[in-house]
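The letter at position 8 of the sequence shown is residue 8 when you use UniProt numbering, and the numbering goes up by one with no holes. Ideal Cβ placement from N, Cα and C applies to all residues, glycine included. Keep in mind it's a predicted model, so treat the numbers as computed, not measured. The structure under discussion appears below in the form of structure tokens.
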Amino acid sequence: MNDDEEVSVSNGFPDRKRLIKEETAAEIGYRVVGPLDPSEHPFNPYEPVFAVVQLILNKVLMLGSRTQMIIGRPILPDIAVHAVVDEHALDAKVIIFKKKRRKNYRRTKGHRQELTKLRITNIQGIDNPQNVAIAA
1 MNDDEEVSVS NGFPDRKRLI KEETAAEIGY RVVGPLDPSE HPFNPYEPVF AVVQLILNKV
61 LMLGSRTQMI IGRPILPDIA VHAVVDEHAL DAKVIIFKKK RRKNYRRTKG HRQELTKLRI
121 TNIQGIDNPQ NVAIAA
């Protein structure tokens, strides 16, 4: 810790412990970012071995536009949605902790859910809306 750094002291302990933890993390090679903003994405993108480029989704439950909306019972026949896979990612880590009191039983397990971002390219089966000027 450098001597020219100022440390705000409220009881002396919390800030000092935080700085010590940050220094140890920096020595290992980690960078302490702090709490994430809601606008930041908590998952890191990764590239899997396989990559599906184009999808056709034909089990559509509901379809709508500015002029009409169709609800299926349970699905809509003759409607297909064409999509392209934009990104594969992993969600934030979820930690599962199990404990039974007074039995010395504690289990910690975690996983990261795989996410896929799709970009819709075309919707077949609904009328394309004409460009209508809206009078204000």
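I believe residue i touches residue j by the beta-carbon criterion, under 8 Å. Please report the beta-carbon distance rounded to the nearest angstrom.
{"i": "lysine 59", "j": "isoleucine 71", "result": "Not quite, the Cβ-Cβ distance comes to about 14 Å (not below 8 Å), so this is no contact."}
{"i": "leucine 118", "j": "valine 94", "result": "That pair is no contact at about 23 Å."}
{"i": "isoleucine 96", "j": "lysine 109", "result": "5 Å"}
Counting along the chain, where does the beta strand (DSSP E) carrying residue i start and finish?
{"i": "arginine 66", "result": "Premise fails: arginine 66 is in no beta strand (DSSP E) and is neither H nor E."}
{"i": "lysine 103", "result": "From DSSP, lysine 103 is part of no beta strand (DSSP E); its letter is neither H nor E."}
{"i": "valine 84", "result": "80–90"}
{"i": "isoleucine 56", "result": "54–57"}
Can you tell me whether residue i is helix, strand or coil according to DSSP?
{"i": "threonine 116", "result": "strand"}
{"i": "arginine 18", "result": "helix"}
{"i": "isoleucine 28", "result": "helix"}
Quick check on this structure: which residue in the options has the alpha carbon closest to the alpha carbon of residue i?
{"i": "valine 81", "options": "Met62, Arg73, His111, Arg107", "result": "Met62"}
{"i": "glutamate 114", "options": "Arg107, Glu87, Thr121", "result": "Glu87"}
{"i": "threonine 121", "options": "Arg112, Tyr105, Gln68, Leu57", "result": "Leu57"}
{"i": "histidine 111", "options": "Arg101, Lys99, Glu22, Ala92", "result": "Ala92"}
{"i": "glycine 125", "options": "Pro77, Arg101, Lys99, Leu55", "result": "Pro77"}
{"i": "alanine 83", "options": "Arg107, Arg18, Thr116", "result": "Thr116"}
{"i": "glycine 64", "options": "Gln54, Ile79, Ala89, Val53", "result": "Ile79"}
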